[in-house]
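Enquirer: Pasting a structure here, questions to come.
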Amino acid sequence: MKGLNLLTRYTIQTTDQSMVYIALVKIITALHKEIALLKLEKENFEAKLACTTNEKSNQNAIGAAGMGFLSEKVVEEMKSSIALLEKNLEAATKERDKALQELGRLKQHLLDKENEDSIIEELEATVENQKAHIVQLERSLRKEVSIKEEIKALREEEIQKSNDLINNLRYKLSSCMNSLESKNSELVNLQTALGQYYAESEAKERLGRDLALAREEVTKVSESLRVANEGIEMVKREKEEAILKLSQSEGMLADAKRFIQKLEDDKSRLQLALEKSMTTLNRMSLDSDNQVDRRIVIKLLVTYFQRNHSKEVLDLMVRMLGFSEEEKQRIGVAQTTAGKGMVRGVLGLPGKLVGGILGGSHSSTHPSPDNQESFADLWVDFLLKEAEEREKREALSSNLDKPVTSEPSNSTASNSNAYSYAPANYSSNQLNSSEFSTVPLNPASFYSRLPQR
1 MKGLNLLTRY
11 TIQTTDQSMV
21 YIALVKIITA
31 LHKEIALLKL
41 EKENFEAKLA
51 CTTNEKSNQN
61 AIGAAGMGFL
71 SEKVVEEMKS
81 SIALLEKNLE
91 AATKERDKAL
101 QELGRLKQHL
111 LDKENEDSII
121 EELEATVENQ
131 KAHIVQLERS
141 LRKEVSIKEE
151 IKALREEEIQ
161 KSNDLINNLR
171 YKLSSCMNSL
181 ESKNSELVNL
191 QTALGQYYAE
201 SEAKERLGRD
211 LALAREEVTK
221 VSESLRVANE
231 GIEMVKREKE
241 EAILKLSQSE
251 GMLADAKRFI
261 QKLEDDKSRL
271 QLALEKSMTT
281 LNRMSLDSDN
291 QVDRRIVIKL
301 LVTYFQRNHS
311 KEVLDLMVRM
321 LGFSEEEKQR
331 IGVAQTTAGK
341 GMVRGVLGLP
351 GKLVGGILGG
361 SHSSTHPSPD
371 NQESFADLWV
381 DFLLKEAEER
391 EKREALSSNL
401 DKPVTSEPSN
411 STASNSNAYS
421 YAPANYSSNQ
431 LNSSEFSTVP
441 LNPASFYSRL
451 PQR
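The UniProt record's numbering numbers the first residue of the sequence shown as 1 and each following residue consecutively.
Set out below in C-alpha coordinates:
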(Lines of atoms letter the chains of each structure in order from A; the text may use other names.)
(Lines give C-alpha, C1' and ligand atoms only; values in the text may rest on other atoms or scores of the structure.)
Protein backbone atom coordinates (compact mmCIF):
# COMPACT_ATOMS: atom_id res chain seq x y z
CA MET A 1 0.00 0.00 0.00
CA LYS A 2 2.89 2.33 0.67
CA GLY A 3 4.30 1.77 -2.86
CA LEU A 4 0.85 2.25 -4.39
CA ASN A 5 0.37 5.55 -2.57
CA LEU A 6 3.81 6.67 -3.70
CA LEU A 7 3.00 5.78 -7.33
CA THR A 8 -0.29 7.67 -7.15
CA ARG A 9 1.36 10.76 -5.70
CA TYR A 10 4.11 10.87 -8.31
CA THR A 11 1.69 10.16 -11.15
CA ILE A 12 -0.57 13.05 -10.19
CA GLN A 13 2.11 15.62 -9.32
CA THR A 14 4.61 14.88 -12.10
CA THR A 15 4.00 15.85 -15.73
CA ASP A 16 7.47 15.60 -17.13
CA GLN A 17 8.32 12.16 -18.58
CA SER A 18 11.82 12.11 -17.14
CA MET A 19 10.50 12.80 -13.62
CA VAL A 20 7.94 10.03 -14.01
CA TYR A 21 10.69 7.64 -15.08
CA ILE A 22 12.82 8.52 -12.02
CA ALA A 23 9.79 8.17 -9.75
CA LEU A 24 9.04 4.70 -11.14
CA VAL A 25 12.65 3.61 -10.53
CA LYS A 26 12.37 4.77 -6.92
CA ILE A 27 9.07 2.92 -6.52
CA ILE A 28 10.60 -0.29 -7.89
CA THR A 29 13.50 0.03 -5.41
CA ALA A 30 11.06 0.53 -2.52
CA LEU A 31 9.04 -2.52 -3.62
CA HIS A 32 12.18 -4.65 -3.72
CA LYS A 33 13.00 -3.56 -0.19
CA GLU A 34 9.50 -4.44 1.00
CA ILE A 35 9.74 -7.85 -0.67
CA ALA A 36 13.06 -8.48 1.09
CA LEU A 37 11.55 -7.52 4.45
CA LEU A 38 8.55 -9.77 3.87
CA LYS A 39 10.84 -12.62 2.93
CA LEU A 40 12.82 -12.19 6.17
CA GLU A 41 9.62 -12.11 8.22
CA LYS A 42 8.46 -15.27 6.48
CA GLU A 43 11.70 -17.07 7.30
CA ASN A 44 11.44 -15.96 10.93
CA PHE A 45 7.89 -17.26 11.18
CA GLU A 46 8.91 -20.57 9.60
CA ALA A 47 11.78 -20.91 12.09
CA LYS A 48 9.46 -20.18 14.98
CA LEU A 49 6.99 -22.74 13.63
CA ALA A 50 9.73 -25.38 13.42
CA CYS A 51 10.87 -24.67 16.96
CA THR A 52 7.34 -24.91 18.23
CA THR A 53 6.86 -28.26 16.49
CA ASN A 54 10.07 -29.70 18.01
CA GLU A 55 9.14 -28.55 21.49
CA LYS A 56 5.74 -30.10 21.09
CA SER A 57 7.23 -33.57 20.27
CA ASN A 58 9.58 -33.47 23.30
CA GLN A 59 6.91 -32.69 25.88
CA ASN A 60 5.83 -35.43 28.30
CA ALA A 61 2.44 -37.09 28.33
CA ILE A 62 1.31 -35.31 31.49
CA GLY A 63 1.24 -31.80 30.07
CA ALA A 64 0.24 -32.92 26.57
CA ALA A 65 -3.34 -31.61 26.73
CA GLY A 66 -2.48 -28.16 28.11
CA MET A 67 0.57 -27.67 25.93
CA GLY A 68 -1.29 -28.83 22.80
CA PHE A 69 -3.91 -26.18 23.32
CA LEU A 70 -1.22 -23.54 23.78
CA SER A 71 0.70 -24.67 20.66
CA GLU A 72 -2.43 -24.61 18.52
CA LYS A 73 -3.13 -21.09 19.65
CA VAL A 74 0.42 -19.96 18.80
CA VAL A 75 0.21 -21.70 15.44
CA GLU A 76 -3.04 -19.98 14.62
CA GLU A 77 -1.55 -16.60 15.50
CA MET A 78 1.47 -17.30 13.35
CA LYS A 79 -0.72 -18.45 10.51
CA SER A 80 -2.79 -15.33 10.72
CA SER A 81 0.39 -13.23 10.75
CA ILE A 82 1.74 -15.16 7.78
CA ALA A 83 -1.54 -14.71 5.95
CA LEU A 84 -1.41 -10.99 6.59
CA LEU A 85 2.18 -10.81 5.38
CA GLU A 86 1.34 -12.82 2.29
CA LYS A 87 -1.51 -10.47 1.54
CA ASN A 88 0.80 -7.49 1.87
CA LEU A 89 3.40 -9.27 -0.28
CA GLU A 90 0.90 -10.04 -2.99
CA ALA A 91 -0.40 -6.48 -2.92
CA ALA A 92 3.12 -5.14 -3.19
CA THR A 93 3.85 -7.58 -6.02
CA LYS A 94 0.82 -6.46 -7.95
CA GLU A 95 1.72 -2.86 -7.38
CA ARG A 96 5.21 -3.56 -8.65
CA ASP A 97 3.84 -5.35 -11.75
CA LYS A 98 1.56 -2.48 -12.45
CA ALA A 99 4.42 -0.01 -11.91
CA LEU A 100 6.59 -2.01 -14.31
CA GLN A 101 3.86 -1.97 -16.92
CA GLU A 102 3.41 1.76 -16.44
CA LEU A 103 7.19 2.17 -16.68
CA GLY A 104 7.28 0.25 -19.97
CA ARG A 105 4.42 2.27 -21.38
CA LEU A 106 5.95 5.56 -20.28
CA LYS A 107 9.30 4.50 -21.64
CA GLN A 108 7.76 3.72 -25.01
CA HIS A 109 5.91 7.01 -24.86
CA LEU A 110 9.18 8.77 -23.96
CA LEU A 111 10.86 7.18 -26.99
CA ASP A 112 7.98 8.29 -29.18
CA LYS A 113 8.23 11.76 -27.74
CA GLU A 114 11.98 11.83 -28.36
CA ASN A 115 11.35 10.75 -31.95
CA GLU A 116 8.76 13.49 -32.30
CA ASP A 117 11.17 16.02 -30.79
CA SER A 118 13.86 14.98 -33.25
CA ILE A 119 11.39 15.37 -36.12
CA ILE A 120 10.43 18.84 -34.86
CA GLU A 121 14.09 19.82 -34.62
CA GLU A 122 14.71 18.65 -38.18
CA LEU A 123 11.69 20.63 -39.33
CA GLU A 124 12.93 23.73 -37.51
CA ALA A 125 16.37 23.33 -39.12
CA THR A 126 14.69 23.00 -42.50
CA VAL A 127 12.68 26.16 -41.80
CA GLU A 128 15.85 28.08 -41.02
CA ASN A 129 17.79 26.75 -44.04
CA GLN A 130 14.95 27.08 -46.55
CA LYS A 131 13.29 30.40 -45.88
CA ALA A 132 11.47 30.22 -49.17
CA HIS A 133 9.21 27.52 -47.68
CA ILE A 134 8.65 29.20 -44.34
CA VAL A 135 4.89 29.46 -44.71
CA GLN A 136 4.46 25.76 -45.39
CA LEU A 137 6.78 24.85 -42.52
CA GLU A 138 4.89 27.08 -40.13
CA ARG A 139 1.74 25.22 -41.06
CA SER A 140 3.52 21.93 -40.36
CA LEU A 141 4.70 23.31 -37.03
CA ARG A 142 1.18 24.30 -36.08
CA LYS A 143 0.05 20.84 -37.09
CA GLU A 144 2.71 19.27 -34.90
CA VAL A 145 1.67 21.50 -32.01
CA SER A 146 -1.94 20.42 -32.42
CA ILE A 147 -0.83 16.78 -32.50
CA LYS A 148 1.20 17.39 -29.36
CA GLU A 149 -1.83 18.90 -27.65
CA GLU A 150 -3.88 15.90 -28.71
CA ILE A 151 -1.20 13.62 -27.29
CA LYS A 152 -1.26 15.64 -24.08
CA ALA A 153 -5.03 15.27 -23.90
CA LEU A 154 -4.70 11.54 -24.56
CA ARG A 155 -2.06 11.33 -21.85
CA GLU A 156 -4.34 13.05 -19.35
CA GLU A 157 -7.09 10.68 -20.38
CA GLU A 158 -4.76 7.71 -19.86
CA ILE A 159 -3.80 9.07 -16.43
CA GLN A 160 -7.47 9.33 -15.56
CA LYS A 161 -8.00 5.77 -16.75
CA SER A 162 -5.00 4.67 -14.69
CA ASN A 163 -6.48 6.29 -11.59
CA ASP A 164 -9.77 4.53 -12.25
CA LEU A 165 -7.88 1.28 -12.73
CA ILE A 166 -6.04 1.83 -9.44
CA ASN A 167 -9.34 2.35 -7.64
CA ASN A 168 -10.71 -0.82 -9.20
CA LEU A 169 -7.61 -2.71 -8.20
CA ARG A 170 -7.99 -1.46 -4.65
CA TYR A 171 -11.52 -2.73 -4.59
CA LYS A 172 -10.42 -6.07 -6.00
CA LEU A 173 -7.60 -6.21 -3.47
CA SER A 174 -10.02 -5.81 -0.59
CA SER A 175 -12.15 -8.61 -2.02
CA CYS A 176 -9.14 -10.88 -2.52
CA MET A 177 -7.96 -10.38 1.04
CA ASN A 178 -11.15 -12.12 2.23
CA SER A 179 -10.40 -15.15 0.04
CA LEU A 180 -6.91 -15.79 1.49
CA GLU A 181 -8.02 -17.40 4.74
CA SER A 182 -7.28 -21.05 4.05
CA LYS A 183 -3.89 -22.57 4.58
CA ASN A 184 -3.54 -24.26 1.20
CA SER A 185 -4.32 -21.06 -0.71
CA GLU A 186 -1.76 -19.26 1.46
CA LEU A 187 0.97 -21.77 0.56
CA VAL A 188 0.09 -21.59 -3.14
CA ASN A 189 0.20 -17.82 -2.98
CA LEU A 190 3.61 -17.96 -1.32
CA GLN A 191 4.97 -20.22 -4.06
CA THR A 192 3.45 -17.99 -6.72
CA ALA A 193 4.99 -14.94 -5.08
CA LEU A 194 8.38 -16.67 -5.06
CA GLY A 195 8.10 -17.42 -8.78
CA GLN A 196 7.08 -13.86 -9.47
CA TYR A 197 10.08 -12.68 -7.49
CA TYR A 198 12.43 -14.56 -9.79
CA ALA A 199 10.57 -13.22 -12.81
CA GLU A 200 10.86 -9.70 -11.46
CA SER A 201 14.58 -10.16 -10.97
CA GLU A 202 14.94 -11.10 -14.61
CA ALA A 203 12.74 -8.18 -15.59
CA LYS A 204 14.94 -5.90 -13.53
CA GLU A 205 18.00 -7.04 -15.47
CA ARG A 206 16.21 -6.43 -18.74
CA LEU A 207 15.21 -2.98 -17.53
CA GLY A 208 18.85 -2.26 -16.69
CA ARG A 209 19.89 -3.14 -20.21
CA ASP A 210 17.07 -1.06 -21.64
CA LEU A 211 18.14 1.83 -19.42
CA ALA A 212 21.70 1.65 -20.77
CA LEU A 213 20.38 1.69 -24.35
CA ALA A 214 18.15 4.64 -23.47
CA ARG A 215 21.14 6.54 -22.10
CA GLU A 216 23.04 5.93 -25.34
CA GLU A 217 20.06 7.22 -27.32
CA VAL A 218 19.92 10.31 -25.09
CA THR A 219 23.62 10.93 -25.77
CA LYS A 220 23.05 10.68 -29.52
CA VAL A 221 20.07 13.03 -29.34
CA SER A 222 22.12 15.52 -27.30
CA GLU A 223 24.82 15.50 -29.98
CA SER A 224 22.21 16.07 -32.68
CA LEU A 225 20.77 18.93 -30.63
CA ARG A 226 24.21 20.52 -30.33
CA VAL A 227 24.72 20.34 -34.11
CA ALA A 228 21.26 21.85 -34.65
CA ASN A 229 22.06 24.71 -32.24
CA GLU A 230 25.25 25.45 -34.19
CA GLY A 231 23.20 25.59 -37.39
CA ILE A 232 20.74 27.96 -35.72
CA GLU A 233 23.57 30.28 -34.64
CA MET A 234 24.92 30.31 -38.21
CA VAL A 235 21.49 31.18 -39.57
CA LYS A 236 21.15 33.96 -37.00
CA ARG A 237 24.44 35.48 -38.17
CA GLU A 238 23.28 35.30 -41.78
CA LYS A 239 20.02 36.96 -40.75
CA GLU A 240 21.90 39.84 -39.09
CA GLU A 241 23.99 40.34 -42.25
CA ALA A 242 20.82 40.36 -44.36
CA ILE A 243 19.25 42.96 -42.03
CA LEU A 244 22.36 45.15 -42.38
CA LYS A 245 22.23 44.91 -46.18
CA LEU A 246 18.51 45.71 -46.06
CA SER A 247 19.15 48.86 -44.03
CA GLN A 248 21.80 49.95 -46.57
CA SER A 249 19.36 49.31 -49.42
CA GLU A 250 16.71 51.38 -47.63
CA GLY A 251 19.21 54.25 -47.32
CA MET A 252 19.98 54.05 -51.05
CA LEU A 253 16.24 53.99 -51.78
CA ALA A 254 15.72 57.11 -49.67
CA ASP A 255 18.52 58.89 -51.58
CA ALA A 256 16.92 57.83 -54.88
CA LYS A 257 13.54 59.16 -53.72
CA ARG A 258 15.12 62.51 -52.79
CA PHE A 259 16.82 62.63 -56.20
CA ILE A 260 13.51 61.86 -57.94
CA GLN A 261 11.79 64.59 -55.92
CA LYS A 262 14.50 67.02 -56.97
CA LEU A 263 14.01 66.02 -60.63
CA GLU A 264 10.26 66.53 -60.27
CA ASP A 265 10.86 70.01 -58.85
CA ASP A 266 13.19 70.81 -61.76
CA LYS A 267 10.58 69.45 -64.16
CA SER A 268 7.91 71.71 -62.63
CA ARG A 269 10.15 74.76 -62.98
CA LEU A 270 11.01 73.85 -66.59
CA GLN A 271 7.32 73.36 -67.41
CA LEU A 272 6.54 76.80 -66.01
CA ALA A 273 9.38 78.30 -68.06
CA LEU A 274 8.16 76.47 -71.17
CA GLU A 275 4.60 77.70 -70.68
CA LYS A 276 5.91 81.23 -70.25
CA SER A 277 8.03 80.93 -73.42
CA MET A 278 5.09 79.54 -75.38
CA THR A 279 2.92 82.42 -74.20
CA THR A 280 5.57 84.90 -75.33
CA LEU A 281 5.96 83.11 -78.68
CA ASN A 282 2.21 83.10 -79.29
CA ARG A 283 2.04 86.80 -78.47
CA MET A 284 4.88 87.52 -80.90
CA SER A 285 3.22 85.37 -83.57
CA LEU A 286 -0.07 87.26 -83.17
CA ASP A 287 1.79 90.54 -83.53
CA SER A 288 3.45 89.42 -86.78
CA ASP A 289 0.42 87.58 -88.18
CA ASN A 290 -0.31 90.18 -90.87
CA GLN A 291 3.31 91.06 -91.75
CA VAL A 292 5.93 89.62 -94.10
CA ASP A 293 9.56 90.53 -94.57
CA ARG A 294 10.15 93.47 -96.94
CA ARG A 295 13.29 91.92 -98.36
CA ILE A 296 11.32 88.84 -99.41
CA VAL A 297 8.87 91.04 -101.34
CA ILE A 298 11.78 92.90 -102.99
CA LYS A 299 13.48 89.64 -103.88
CA LEU A 300 10.26 88.26 -105.39
CA LEU A 301 9.75 91.37 -107.54
CA VAL A 302 13.36 91.42 -108.76
CA THR A 303 13.24 87.74 -109.59
CA TYR A 304 9.89 88.19 -111.36
CA PHE A 305 11.32 90.81 -113.72
CA GLN A 306 14.66 89.01 -114.13
CA ARG A 307 12.90 85.85 -115.27
CA ASN A 308 10.71 87.66 -117.79
CA HIS A 309 7.50 87.59 -115.81
CA SER A 310 7.83 83.94 -114.76
CA LYS A 311 4.57 82.31 -113.83
CA GLU A 312 6.24 80.41 -111.00
CA VAL A 313 7.53 83.61 -109.41
CA LEU A 314 4.11 85.23 -109.78
CA ASP A 315 2.44 82.19 -108.20
CA LEU A 316 4.99 82.33 -105.39
CA MET A 317 4.19 85.99 -104.72
CA VAL A 318 0.47 85.25 -104.77
CA ARG A 319 0.84 82.55 -102.19
CA MET A 320 3.41 84.37 -100.09
CA LEU A 321 1.36 87.57 -99.88
CA GLY A 322 -2.00 85.83 -99.51
CA PHE A 323 -3.87 87.21 -102.57
CA SER A 324 -7.64 86.83 -102.67
CA GLU A 325 -9.45 85.25 -105.62
CA GLU A 326 -10.47 88.64 -107.01
CA GLU A 327 -6.91 89.89 -106.83
CA LYS A 328 -5.64 86.75 -108.53
CA GLN A 329 -8.10 87.33 -111.42
CA ARG A 330 -7.04 90.95 -111.74
CA ILE A 331 -3.39 89.97 -112.23
CA GLY A 332 -4.35 87.03 -114.48
CA VAL A 333 -3.38 84.13 -112.19
CA ALA A 334 -5.57 81.10 -112.94
CA GLN A 335 -6.84 78.73 -110.27
CA THR A 336 -4.29 75.91 -109.83
CA THR A 337 -5.04 72.34 -108.97
CA ALA A 338 -4.64 70.94 -105.46
CA GLY A 339 -1.36 69.42 -104.31
CA LYS A 340 1.63 71.52 -105.48
CA GLY A 341 4.17 69.55 -103.51
CA MET A 342 6.52 71.08 -101.06
CA VAL A 343 6.22 74.68 -102.39
CA ARG A 344 2.45 74.69 -101.99
CA GLY A 345 2.75 73.34 -98.46
CA VAL A 346 5.32 75.92 -97.45
CA LEU A 347 3.70 78.89 -99.14
CA GLY A 348 0.33 77.98 -97.72
CA LEU A 349 1.57 78.44 -94.18
CA PRO A 350 -0.28 80.94 -91.99
CA GLY A 351 1.03 84.43 -91.90
CA LYS A 352 1.88 84.25 -88.24
CA LEU A 353 4.22 81.29 -88.85
CA VAL A 354 6.04 83.19 -91.65
CA GLY A 355 6.17 86.22 -89.45
CA GLY A 356 7.43 84.16 -86.50
CA ILE A 357 10.22 82.70 -88.64
CA LEU A 358 11.15 85.76 -90.72
CA GLY A 359 9.71 88.73 -88.80
CA GLY A 360 11.99 88.60 -85.78
CA SER A 361 12.84 91.52 -83.59
CA HIS A 362 13.73 95.02 -84.70
CA SER A 363 17.38 95.00 -83.71
CA SER A 364 19.61 97.90 -84.61
CA THR A 365 22.39 95.67 -85.91
CA HIS A 366 23.09 96.10 -89.66
CA PRO A 367 24.88 93.50 -91.77
CA SER A 368 28.03 94.58 -93.60
CA PRO A 369 28.02 94.88 -97.40
CA ASP A 370 30.54 92.06 -97.70
CA ASN A 371 28.27 89.54 -95.99
CA GLN A 372 26.86 86.63 -97.94
CA GLU A 373 23.31 86.48 -99.24
CA SER A 374 20.60 87.28 -96.72
CA PHE A 375 18.21 84.71 -95.41
CA ALA A 376 15.35 86.17 -97.50
CA ASP A 377 17.34 85.66 -100.73
CA LEU A 378 18.21 82.12 -99.78
CA TRP A 379 14.62 81.39 -98.81
CA VAL A 380 13.18 82.66 -102.12
CA ASP A 381 15.85 80.86 -104.14
CA PHE A 382 15.10 77.69 -102.29
CA LEU A 383 11.36 77.97 -102.95
CA LEU A 384 11.89 78.73 -106.65
CA LYS A 385 14.28 75.85 -107.01
CA GLU A 386 11.77 73.51 -105.45
CA ALA A 387 9.07 74.81 -107.82
CA GLU A 388 11.25 74.14 -110.87
CA GLU A 389 12.09 70.64 -109.70
CA ARG A 390 8.41 69.96 -109.10
CA GLU A 391 7.53 71.07 -112.65
CA LYS A 392 10.28 68.87 -114.06
CA ARG A 393 8.97 65.86 -112.15
CA GLU A 394 5.42 66.55 -113.31
CA ALA A 395 6.57 66.83 -116.92
CA LEU A 396 8.54 63.60 -116.65
CA SER A 397 5.62 61.79 -115.07
CA SER A 398 3.24 63.05 -117.75
CA ASN A 399 5.62 61.87 -120.49
CA LEU A 400 5.88 58.42 -118.94
CA ASP A 401 2.09 58.37 -118.42
CA LYS A 402 2.47 57.15 -114.81
CA PRO A 403 0.81 58.47 -111.65
CA VAL A 404 3.04 60.25 -109.22
CA THR A 405 2.82 58.24 -106.03
CA SER A 406 5.82 59.58 -104.17
CA GLU A 407 4.79 63.25 -104.30
CA PRO A 408 3.15 63.37 -100.85
CA SER A 409 6.15 61.81 -99.21
CA ASN A 410 8.55 64.08 -101.14
CA SER A 411 6.45 67.08 -100.21
CA THR A 412 6.50 66.01 -96.60
CA ALA A 413 10.27 65.53 -96.67
CA SER A 414 10.82 68.89 -98.36
CA ASN A 415 8.47 70.52 -95.95
CA SER A 416 10.41 69.00 -93.07
CA ASN A 417 13.67 70.27 -94.60
CA ALA A 418 12.16 73.71 -94.91
CA TYR A 419 11.11 73.66 -91.29
CA SER A 420 14.50 72.44 -90.17
CA TYR A 421 16.20 75.09 -92.25
CA ALA A 422 14.20 77.94 -90.78
CA PRO A 423 14.98 77.36 -87.06
CA ALA A 424 18.68 76.91 -87.83
CA ASN A 425 18.84 80.45 -89.17
CA TYR A 426 16.48 81.90 -86.62
CA SER A 427 19.24 83.39 -84.50
CA SER A 428 20.87 84.91 -87.58
CA ASN A 429 17.51 86.36 -88.51
CA GLN A 430 17.23 88.01 -85.13
CA LEU A 431 20.75 89.42 -85.30
CA ASN A 432 20.31 90.85 -88.82
CA SER A 433 16.63 91.78 -88.64
CA SER A 434 17.19 95.35 -89.76
CA GLU A 435 17.28 94.30 -93.40
CA PHE A 436 14.01 92.37 -92.99
CA SER A 437 11.58 95.22 -92.49
CA THR A 438 8.09 93.89 -92.77
CA VAL A 439 5.28 95.00 -95.06
CA PRO A 440 1.55 94.31 -94.82
CA LEU A 441 0.34 91.06 -96.29
CA ASN A 442 -2.42 92.88 -98.17
CA PRO A 443 -1.09 93.10 -101.78
CA ALA A 444 -3.51 95.86 -102.88
CA SER A 445 -0.72 98.46 -102.74
CA PHE A 446 1.48 96.92 -105.42
CA TYR A 447 -0.30 94.19 -107.35
CA SER A 448 -1.50 96.80 -109.90
CA ARG A 449 2.15 97.49 -110.77
CA LEU A 450 2.62 93.95 -112.03
CA PRO A 451 2.10 93.45 -115.79
CA GLN A 452 -1.01 91.63 -116.90
CA ARG A 453 -0.48 88.26 -118.52
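Quick reminder that beta carbons are idealized off the backbone N, C-alpha and C, glycines included.
(1) Measuring only the C-alpha atoms, how far is Asn129 from Ile232?
(2) Less than 8 Å between the CB atoms is what I'm expecting for Leu100 and Ala203, so what's the real figure, rounded?
(3) Taking the CB atoms as reference points, tell me whether Val318 and Thr303 lie closer together than 8 Å.
(4) Distance check for Glu230 and Lys220, CA to CA, integer angstroms please.
(5) Can you tell me the Cα-Cα spacing of Thr93 and Ser185, whole angstroms?
(6) Are the beta-carbon atoms of Leu272 and Leu316 separated by less than 8 Å?
(7) Roughly how many angstroms separate the alpha carbons of Leu38 and Leu190, rounded to a whole number?
(8) Please work out which residues of its chain come closer than 6 Å, Cβ to Cβ, to Leu84, disregarding the five sequence neighbours upstream and downstream, and give them in chain order.
(9) Use the C-beta contact count for Lys267: other C-beta atoms within 10 angstroms, 16 or more gives buried, fewer gives exposed.
(10) Between Leu180 and Lys87, is the Cβ-Cβ spacing less than 8 Å?
(11) Have a look at Ser141 and Lys98 and give me their C-alpha separation to the nearest angstrom.
(12) Measure the CB-CB distance between Glu121 and Ala228 and report whether it falls below 8 Å.
(13) When you compare each of Glu238, Glu43 and Lys113 to Arg155 by their alpha carbons, which one comes out closest?
(14) Measuring only the C-alpha atoms, how far is Ala212 from Ser118?
(15) Roughly how many angstroms lie between the CA atoms of Ala338 and Val297, to the nearest whole one?
(16) Among the residues of its own chain, which have a CB less than 7 Å from the CB of Arg170, if the five just before and after it don't count?
(17) Met252: buried (16+ other C-beta within 10 angstroms of its C-beta) or exposed?
(18) Ends of the alpha helix (DSSP H) at Arg319?
(19) Just to confirm, is the Cβ distance from Ile35 to Leu110 under 8 Å?
(20) Classify Met234 as buried or exposed, calling it buried when 16 or more other Cβ atoms lie within 10 Å of its own Cβ.
(21) Using 8 Å for Cβ pairs, my map puts Lys183 next to Lys79. What's the rounded Cβ distance?
(22) If you follow the alpha helix (DSSP H) that Leu301 is in, where does it begin and where does it stop?
(23) I need the DSSP call for Leu263, collapsed to helix, strand or coil.
(24) What span of residues does the alpha helix (DSSP H) with Glu181 cover, start to end?
(25) Alpha carbon to alpha carbon, what distance is there between Asn115 and Ala153?
(26) Do you know how far the Cα of Arg307 is from the Cα of Thr279?
(27) Quick check: what's the CA-CA separation for Phe323 versus Asn399?
Expert: Reading off the structure:
(1) Counting from one through the sequence shown, the residue named residue 129 turns up at place 129. Counting from one through the sequence shown, the residue named residue 232 turns up at place 232. Annotation: Asn129 to Ile232 spans about 9 Å, alpha carbon to alpha carbon.
(2) Along the sequence shown, one-based indexing puts residue 100 at 100. Along the sequence shown, one-based indexing puts residue 203 at 203. Indeed they touch by this definition, with Cβ atoms about 6 Å apart.
(3) Locating residue 318 in the sequence shown gives position 318, where the first residue counts as 1. Locating residue 303 in the sequence shown gives position 303, where the first residue counts as 1. Val318 places its beta carbon 8 Å or farther from that of Thr303.
(4) The residue labelled residue 220 in the question sits at position 220 within the sequence shown. The residue labelled residue 230 in the question sits at position 230 within the sequence shown. Each residue's alpha carbon lies about 16 Å from the other.
(5) Against the sequence shown, residue 93 aligns to sequence position 93. Against the sequence shown, residue 185 aligns to sequence position 185. For the pair Thr93 and Ser185, the Cα-to-Cα distance works out to about 17 Å.
(6) Position 272 of the sequence shown, counted from the first residue, corresponds to residue 272. Position 316 of the sequence shown, counted from the first residue, corresponds to residue 316. No, these two residues do not count as a Cβ contact at 8 Å.
(7) Here the question's residue 38 lines up with position 38 in the sequence shown. Here the question's residue 190 lines up with position 190 in the sequence shown. Spanning the two alpha carbons is a distance of roughly 11 Å.
(8) Along the sequence shown, one-based indexing puts residue 84 at 84. Around Leu84: no qualifying Cβ.
(9) Working through the sequence shown from its first residue, we reach residue 267 at position 267. Lys267 is exposed by the Cβ-count criterion.
(10) For the purposes of this step, residue 180 is taken as residue 180 along the sequence shown, with counting starting at 1. For the purposes of this step, residue 87 is taken as residue 87 along the sequence shown, with counting starting at 1. Going by C-beta atoms, Leu180 is nearer than 8 Å to Lys87.
(11) Stepping through the sequence shown from its first residue, residue 141 is reached at position 141. Stepping through the sequence shown from its first residue, residue 98 is reached at position 98. The residue asked about is misnamed: residue 141 is Leu in this sequence, not Ser. If you draw a straight line from the Cα of Leu141 to the Cα of Lys98, it comes to about 36 Å.
(12) As a working mapping, residue 121 is identified with position 121 in the sequence shown. As a working mapping, residue 228 is identified with position 228 in the sequence shown. Yes. Within cutoff.
(13) Counting from 1 along the sequence shown, the entry for residue 155 is found at position 155. The shortest C-alpha separation from Arg155 is found at Lys113.
(14) By 1-based counting over the sequence shown, the position of residue 212 is 212. By 1-based counting over the sequence shown, the position of residue 118 is 118. Their backbone Cα atoms lie some 20 Å apart in a straight line.
(15) Walking along the sequence shown from the start, residue 338 turns up at place 338. Walking along the sequence shown from the start, residue 297 turns up at place 297. Note on Ala338: pLDDT 35, under 50, position unreliable in the model; no value is reported.
(16) Within the sequence shown, numbered from 1, the residue matching residue 170 stands at position 170. Taking Arg170 as the centre and dropping the five residues before and after it, the same chain places no C-beta closer than 7 Å to its C-beta.
(17) Position 252 of the sequence shown, counted from the start, is the residue given in the question as residue 252. Met252 is classed as exposed because its beta carbon has fewer than 16 other beta carbons within 10 Å across all chains shown.
(18) Locating residue 319 in the sequence shown gives position 319, where the first residue counts as 1. Start and end: Lys311 to Leu321.
(19) As a working mapping, residue 35 is identified with position 35 in the sequence shown. As a working mapping, residue 110 is identified with position 110 in the sequence shown. Contact flag unset, no.
(20) Residue 234 sits at position 234 when you count from the first residue of the sequence shown. In the assembly as shown, Met234 is an exposed residue. Its beta-carbon has fewer than 16 other beta-carbons within 10 Å.
(21) Within the sequence shown, numbered from 1, the residue matching residue 183 stands at position 183. Within the sequence shown, numbered from 1, the residue matching residue 79 stands at position 79. So it is a contact: roughly 7 Å between Cβ atoms.
(22) For this step, residue 301 is matched to residue 301 along the sequence shown. Taken as a continuous stretch (DSSP letters only), the alpha helix (DSSP H) holding Leu301 covers Arg294 to Gln306.
(23) Locating residue 263 in the sequence shown gives position 263, counting from the first residue. Taken through DSSP and simplified to helix, strand or coil, Leu263 comes out as helix.
(24) Position 181 of the sequence shown, counted from the first residue, corresponds to residue 181. Counting along the chain, no alpha helix (DSSP H) covers Glu181, and no H or E run does either.
(25) Here the question's residue 153 lines up with position 153 in the sequence shown. Here the question's residue 115 lines up with position 115 in the sequence shown. So the two alpha carbons sit approximately 19 Å from each other.
(26) In the sequence shown, counting from the first residue as 1, residue 279 sits at position 279. In the sequence shown, counting from the first residue as 1, residue 307 sits at position 307. Here the alpha carbons of Arg307 and Thr279 stand approximately 42 Å from one another.
(27) Position 323 of the sequence shown, counted from the start, is the residue given in the question as residue 323. Position 399 of the sequence shown, counted from the start, is the residue given in the question as residue 399. When only Cα atoms are considered, Phe323 and Asn399 end up about 32 Å apart.
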